[in-house]
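Protein chains in written order, with our numbering: chain U, 1155 to 1299; chain R, 10 to 104. What follows is a short report on a single structure.
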Amino acid sequence: MAATVTRRRVLPRVKNRIFLLLVIFSNTFGNCLLAMGMQRMPDFLGTPFSRYLLFLITNPWMLSGTALLALWLFSQLSMFTWADLSYVLPVTASGYMVTALLSKFVLDEHISALRWAGIVVITFGSMLVSQTPMRTKAEWRERDR
Amino acid sequence: MRGEIVDFRLGGLARVLHYIVTHRLVMLGIGCNALSFGSFLAVLSLAPLSFAVPATALNFILKTLLAKWYLREDVSWHRWAGVALVAAGILMISF
């Protein structure tokens, strides 16, 4: 009986952590690939629209970035079936730290000290929210009892 | 289909996908996300990623407010403090 209760409590936490990582990394890497793709696009104003569209849909960075963002969307929507919106969004904001690291080391962007400080503050805020219960609606409280 | 997703086999995922594409509110939400995505792509072509991504994250505050008022989530002061820190971090990044 104790083993069953423990398993019932452990599995949702494991599932939650797996999906949090999936949401964070698919969003971060998806955005990074999109940024790389956009940097390889021709000038929007100087290119015929049909040609620009063709470049867009055949750009491998854009395609892979979009696929990862589709995975991000699906993962996030799945999380909303067991966790609060006000929990999922701030907790997954810790991905900004990953985005900053990718921006610096992959895209070779300069990040000022103030911007780094802002990213650290965002991460602390995300960690604070992660300490709160992941679901608070009355219907879930009843089910969790 | 209601409630928490527990079946992650192919059939289960297919049912979730079917629910997503046939539920009007979810599709409307995805439509709004698509609009946001299009604007975000435009921003990406003008600004570095490390600015573009956090700068568009001010919708956190709006979403938390909507979660409290519309979704009736219990947003404790801990959670508000976390959201406030996220918002403060966003402001720092904007400068």
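Note that CB positions come from ideal geometry on N, CA and C, so glycine has one too. A quick note: this is a predicted structure, and the numbers were derived from the prediction, not measured.
Collapsed DSSP secondary structure at Ile-1273 (chain U) in the structure displayed: helix
Chain-ordered residues of the region 76-95 of chain R with a beta carbon less than 8 Å from chain U: Ala-76, Lys-77, Leu-80, Arg-81, Glu-82, Asp-83, Val-84, Ser-85, His-87, Arg-88, Ala-90, Gly-91, Val-92, Ala-93, Leu-94, Val-95
Within 7 Å of any Cβ in chain R, is that where the Cβ of Gly-1219 (chain U) sits? no
What span of residues does the alpha helix (DSSP H) with His-27 (chain R) cover, start to end? Taken as a continuous stretch (DSSP letters only), the alpha helix (DSSP H) holding His-27 (chain R) covers 19-31.
How long is the line joining the alpha carbons of Arg-1161 (chain U) and Thr-1220 (chain U), rounded to whole angstroms? Any reading at Arg-1161 (chain U) is ruled out, since the residue's pLDDT is 46, under 50, leaving its predicted position unreliable.
Have a look at Asp-1262 (chain U) and Ile-1273 (chain U) and give me their C-alpha separation to the nearest angstrom. 17 Å
Count the other CB atoms within 10 Å of the CB of Asp-1197 (chain U); is the residue buried (16 or more) or exposed (fewer)? exposed
Under 9 Å by beta carbon: chain U residues contacting Thr-73 (chain R): Leu-1239, Ser-1240, Leu-1243, Pro-1244
If you measure from the beta carbon of Val-1283 (chain U) to each beta carbon in chain R, is any gap under 7 Å? At least one beta carbon of chain R lies nearer than 7 Å to the beta carbon of Val-1283 (chain U).
Cβ-Cβ distance between Leu-1268 (chain U) and Ser-1218 (chain U) below 7 Å: no
Is the shortest distance between the beta-carbon of Leu-53 (chain R) and the beta-carbons of chain U less than 7 Å? yes
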